[in-house]
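Enquirer: I have a structure I would like to understand better, so I am pasting it below and will then ask my questions one at a time.
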Amino acid sequence: DLPHLAEDDAQAAALKYVHASPDSEKHCANCALIQGADGEEWRPCALFPGKVVNANGWCSAYAPKP
Ligand code: SF4
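Okay, so the sequence shown: first residue is 15 according to the working numbering, each after it adds one.
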């Protein structure tokens, strides 16, 4: 299993990543950059190789799925 991305990781902090999105309509699970399987709590993200992000998280690179 991949390690969870930490909010105080330098790259995460640069993108203001948080485990709990402040916007219920914008979160990692419906971001174009999320990877892995729907329904998983922690999933890979194209921006953070080698780590997993929270499905309910968010960062400033958020882009809605097309
Ligand atoms: Fe979440 Fe940001 Fe990755 Fe999108 S780019 S899945 S908002 S961490």
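Ideal placement from N, C-alpha and C gives every residue a C-beta, glycine not left out.
Quick check on G71: buried or exposed, where buried means 16 or more other Cβ atoms within 10 Å of its Cβ?
Expert: Locating residue 71 in the sequence shown gives position 57, where the first residue counts as 1. Buried, since its Cβ has 16 or more Cβ neighbours within 10 Å.
Enquirer: Using a Cβ-Cβ cutoff of less than 7 Å, which residues in the same chain neighbour E54 once the five nearest sequence positions on both sides are dropped?
Expert: Counting from one through the sequence shown, the residue named residue 54 turns up at place 40. Once the five neighbours on either side are set aside, the close Cβ partners of E54 are A69.
Enquirer: Express the C-alpha separation of A24 and N44 in angstroms, rounding to a whole number.
Expert: By 1-based counting over the sequence shown, the position of residue 44 is 30. By 1-based counting over the sequence shown, the position of residue 24 is 10. Computed Cα separation, rounded: 24 Å.
Enquirer: Looking at the ligand SF4, does it come within less than 7 Å of D56, judged from the CB to the closest heavy atom?
Expert: On the sequence shown, residue 56 is found 42 positions in, with the first residue counted as 1. Per the sequence presented here, residue 56 reads as Trp, with Asp not at that position. No, since every heavy atom of the ligand SF4 falls outside the 7 Å radius drawn around the Cβ of W56.
Enquirer: Is K79 near P17, with beta carbons less than 8 Å apart?
Expert: Locating residue 79 in the sequence shown gives position 65, where the first residue counts as 1. Locating residue 17 in the sequence shown gives position 3, where the first residue counts as 1. Cβ distance not < 8 Å, so K79 and P17 don't count as in contact.
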